[in-house]
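Residue 746, in full-length UniProt numbering, is where the sequence shown stops; the numbers in between run on with no holes. The beta carbon of each residue, even a glycine, is placed where N, CA and C say it ideally should be. All values reported here derive from a predicted model rather than from experimental measurement. Structure, as structure tokens:
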Amino acid sequence: MRRPSDRRATLSSFGTRFLCRWLVGAMLSGAIAMGILAGGPAAPAIAAGTAPSEPAGSAGAVELLVSASRGAVLRSGSDLVLTGTVSNGTADPLGAGALQVRIDGQLADRSDLAAAIADPESISGVLAATVSTPDVAAGGSTAVDITIPAATVGALLSSAGWGPHLVRATFEVDAAPAGGSDDGTADGVDISTATAVVWADGTAPSTVDTAIVVPVTVAPGQDGVLSADQLSEYTSTEGALSRKLDALATAPNAIIALDPRIIASIRVLGTSAPASSLDWLTRLSNLPNAVFPLQYADADLSLERAAGAAGPLSATSLLWALDSATFGGSDAPAASPTAAPTPGTAPPAGQPIPTLDDLLRWDWTATDIAWPSADSVSTPDLSFLAGAGYSRVVLSSDNMTGGSPTSGSLTAEPVQSLGDTTALVADSGISASLSDAAFAATDAGVQAGLAMASAQLAATAVERPGRASTVLIALDRAAEPAADGLTTALATLRTLPGVADAGAGAISSSATSAAGSLVDSTRAGAEIVAQLLALDARITPYASVVATPELLIGRERTRLLAVLAAGWASDPVTWQAAAEETRSHFDDVLHAVTVLPGSPIIAAGQFETVPIYVRNNLGYPVDVIVDPRPSNGRIIMERYSAAIEPGESQRVFLPAKWIANGTLTIAITLSSASTGLQIDGPTYISLDVQTYWETAVYIVTGVLVLALFGFGIYRNIVRRRRVAASADARASLDAARVTSAPEPGE
């Protein structure tokens with residue numbers, strides 16, 4: 001199963017990388033009326049606790065992660081127990097070192113927390129503990145526990161009162177090699193990282209109501225539907241989708257943002273759906289949580305608009321993914337919509353092929369909520385969404401004026417008005433921290449993320465004393481839980497001091513909204529998506545070459561939606577490669593049915609056809625019109641209808657009538673048999689015509705000419721002989737007359 005990146009291993013640590021991701025991360029959002037809303041987008045952050053260092057001459061980096069258990073909440077009489085984890089990503093071993101912990105006795109606000117994460121060395125504080133660390137092998141890690149006695153903790157924190165405090169941990173290794181000899185140990189290391197604790201002795205100055213959106217999605221990919229193997233993995237006991245339902249079962253007030261592709265992928269398999277996926281559908285349907293739909297495959301609405309789409313894209317057909325054998329019915333969809341299969345049960349034998357509506361049907365709590373990717377919405381998006389029926393849109397606080405927690409106070413209200421659109425504004429910082437905890441690969445990472453989320457919520461309570469605040473939290477939609485981090489995060493959130501689980505009701509459509517102001521932002525990549533949209537538009541008429549065009553149109557549209565998934569936003573490099581691959585695929589589709597060029601064809605003898613080859617790589621049978629156009633009059637050819645089977649190069653014989661010997665070129669185009677749309681060509685084929693009957697005609701004609709000449713010569717000879725004979729006869733007659741005449745005087 002693919003995960004967004006290896007950074008999940010350190011997801012919940014404080015450090016310099018956290019701020020960058022925290023500021024671009026998307027955070028809560030959501031709310032639903034009767035409702036229920038959904039949370040705002042959150043880009044994952046490296047949570048408080050991780051700081052990288054790259055010693056000179058080393059290929060990797062040394063990282064320090066510091067975490068405290070129980071959400072880093074302390075009360076009078078409690079020891080502060082920290083765990084420091086040193087990871088050596090270099091090619092050299094690290095010698096023994098020391099880990100120092102300093103605690104700041106002053107309360108920290110949201111701005112202080114952000115500044116400390118960006119620059120841990122800015123925390124002065126009081127040195128509270130120093131412990132030794134052992135050698136760390138190249139590529140290895142080690143963990144050490146640091147216990148600060150309750151008396152020390154109380155002396156440092158009690159005077160400031162209830163609230164969050166910054167903690168700085170510093171790891172040092174001298175340049176001298178371990179063991180005192182020059183054995184190749186890495187250069188010296190001096191790195192610091194920041195975390196936080198909450199002094200919760202007493203009563204919180206105010207209560208922070210929380211509503212949390214949990215996206216039920218899978219890691220972004222290029223599949224229009226999930227395969228049986230993928231579903232088996234995702235819905236297995238340790239699978240990502242099963243872990244999400246495990247966590248949601250303990251958090252009935254959490255709001256579910258569901259990718260409809262998941263339920264459709266299970267249903268299209270009919271009786272061949274994995275048993276674990278059917279059980280998963282049953283569990284999902286039995287949850288009491290509010291649920292609203294994401295776009296199919298979690299496609300990013302703001303990216304669609306930025307690329308020039310006239311309206312939100314949607315799946316057009318899933319007929320291409322259906323196998324009638326798994327439903328026991330005919331290949332044709334039902335004439336009218338049928339009831340969706342009962343979750344957890346295979347369709348009965350003989351059931352008609354389900355329609356698209358059947359496959360996507362669910363008991364949605366709300367359908368008017370749009371959730372674009374984090375910090376990617378601009379003003380034109382609002383009218384784009386409103387035109388499609390979305391009256392509410394989930395936004396990151398980074399996408400709103402005054403919504404950045406680095407301003408020193410969280411000024412953004414969770415429900416704001418943007419003209420005719422209601423903005424459900426998510427706290428990007430808290431969403432990022434809780435996402436780090438929920439999707440961390442280790443328990444230390446879970447606790448580090450929870451420490452930051454706890455401190456941020458406590459700071460919000462301190463900033464607004466005496467009045468309740470509402471915070472929307474939206475978890476990362478691309479990440480997948482590696483262990484029980486999601487369950488732990490949701491459970492801990494409900495037990496934090498000063499935090500209440502208000503559920504979706506606190507941010508319903510009836511909640512009071514303040515006038516808001518949008519900060520226009522756009523996700524990168526609109527240019528290549530515009531190219532994909534143009535290719536998608538060409539595929540629709542091209543599909544007429546298939547007897548059932550929706551097979552091809554539906555298949556390619558779901559692939560497009562998959563590559564537009566909002567989850568790709570956290571991994572732009574991989575997304576760019578996926579988008580380029582999809583563009584190449586669409587281009588291949590538009591050239592899948594073509595005439596193959598070949599060697600010159602010699603047409604000799606009495607043949608009455610010209611053979612050509614037509615390739616069909618669409619995956620479906622196609623009906624085409626072959627239109628040959630000779631370059632001269634030596635041959636007469638007409639248009640020809642041909643049915644080409646998928647996956648092969650098929651020989652087609654074009655009727656022809658020879659007129660004369662010689663060479664010529666035939667320009668061949670292919671058109672859809674149903675619409676006449678040209679889909680290929682022209683392809684040029686050379687032809688050498690050698691007609692034997694024409695040679696025979698020449699021979700006969702030559703013989704006749706020779707006979708005619710011979711007859712003429714014969715006639716001349718006979719005539720001349722007759723003339724000569726006649727002359728001889730006259731001469732003989734004249735001679736006889738002279739001989740018989742009397743002499744004169746007789």
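In the three-state reduction of the DSSP assignment, serine 317 falls in the coil class, being assigned neither a helical nor a strand state. In the displayed model, threonine 487 falls within a helix according to three-state DSSP.
Taking a contact to require three or more Cβ pairs closer than 8 Å, the region 460-471 and the region 205-225 qualify as touching. Rounded to whole angstroms, the gap between the alpha carbons of leucine 303 and glutamine 295 is 12 Å. As a beta-bridge residue in DSSP terms, alanine 370 pairs with Val393. For threonine 665, the pairing in a beta bridge is given by DSSP as Ser686. One Cα belongs to valine 216, the other to serine 431, and the distance between them is close to 16 Å. Here the C-alpha atom of glycine 429 lies approximately 18 Å from the C-alpha atom of glycine 567. Taking the Cβ atoms as the reference, isoleucine 103 lies roughly 5 Å from valine 167, within the contact range of under 8 Å. Apart from the 5 residues on each side of it in sequence, serine 373 sits with its Cβ closer than 6 Å to the Cβ of Pro41, Asp300, Arg523, Ala566, Ala569 in its chain, given in chain order. Residue pairing by DSSP puts methionine 637 in a beta bridge opposite Ala656. Remark: C-beta atoms of valine 610 and leucine 687 approach each other more closely than 8 Å. Annotation: the continuous beta strand (DSSP E) that includes serine 469 extends over 469-474.
Measuring C-alpha to C-alpha distances from leucine 64 to each of Ser87, Gln576, Ser78 identifies Ser87 as the nearest.
If you draw a straight line from the Cα of tyrosine 684 to the Cα of isoleucine 666, it comes to about 6 Å.
By the neighbour-count criterion, in which a residue is buried when 16 or more other Cβ atoms sit within 10 angstroms of its Cβ, alanine 306 is buried. By the Cβ test, the region 432-445 is in contact with the region 483-503, since at least three Cβ pairs between them sit closer than 8 Å. For alanine 115 and aspartate 427, the gap between their C-alpha atoms comes out near 17 Å. In chain order, Thr609, Val610, Ile612, Val626, Pro628, Met637, Tyr640 place their CB closer than 7 Å to the CB of leucine 654, counting only its own chain and leaving out the 5 sequence neighbours on each side.
Under DSSP, leucine 518 forms a beta bridge with Met400. Straight across, the Cα-Cα distance linking serine 242 with arginine 559 is about 25 Å. No Cβ-Cβ contact shorter than 8 Å links proline 252 with proline 293. For isoleucine 602, the number of other beta carbons within 10 angstroms of its own is below 16, and it is reported as exposed. In this model, alanine 388 and valine 144 are separated by some 55 Å (Cα to Cα). For serine 454, the enclosing alpha helix (DSSP H) stretches over residues 443-463. Counting the other Cβ atoms within 10 Å of the Cβ of glycine 633 gives fewer than 16, which makes it exposed.
The residues Asn617, Leu618, in chain order, have a CB closer than 6 Å to that of alanine 592 in the same chain once the five nearest residues on each side in sequence are set aside. Per DSSP, glycine 503 lies in no beta strand (DSSP E) and is assigned neither H nor E. Excluding residues up to 5 positions away in sequence, Thr669, Ser671 lie with their Cβ nearer than 6 Å to the Cβ of glutamine 678 in the same chain. In the three-state scheme derived from DSSP, where H, G and I count as helix and E and B as strand, tryptophan 575 is classed as helix. Looking at Asn661, Ala444, Leu496, Ser378, the one whose alpha-carbon comes closest to that of aspartate 520 is Ser378. The beta carbon of alanine 478 sits closer than 7 Å to those of Pro4, Ala219, Pro220, Gly567, Ser570, all from its chain and outside the five residues before and after it, given in chain order. In the displayed model, histidine 165 falls within a strand according to three-state DSSP. Annotation: arginine 361 to alanine 91 spans about 54 Å, alpha carbon to alpha carbon. DSSP places alanine 91 outside both helix and strand once states are collapsed to three, so it counts as coil. The residues Ile528, Gln531, Leu532, Leu535, in chain order, have a CB closer than 8 Å to that of arginine 583 in the same chain once the five nearest residues on each side in sequence are set aside.
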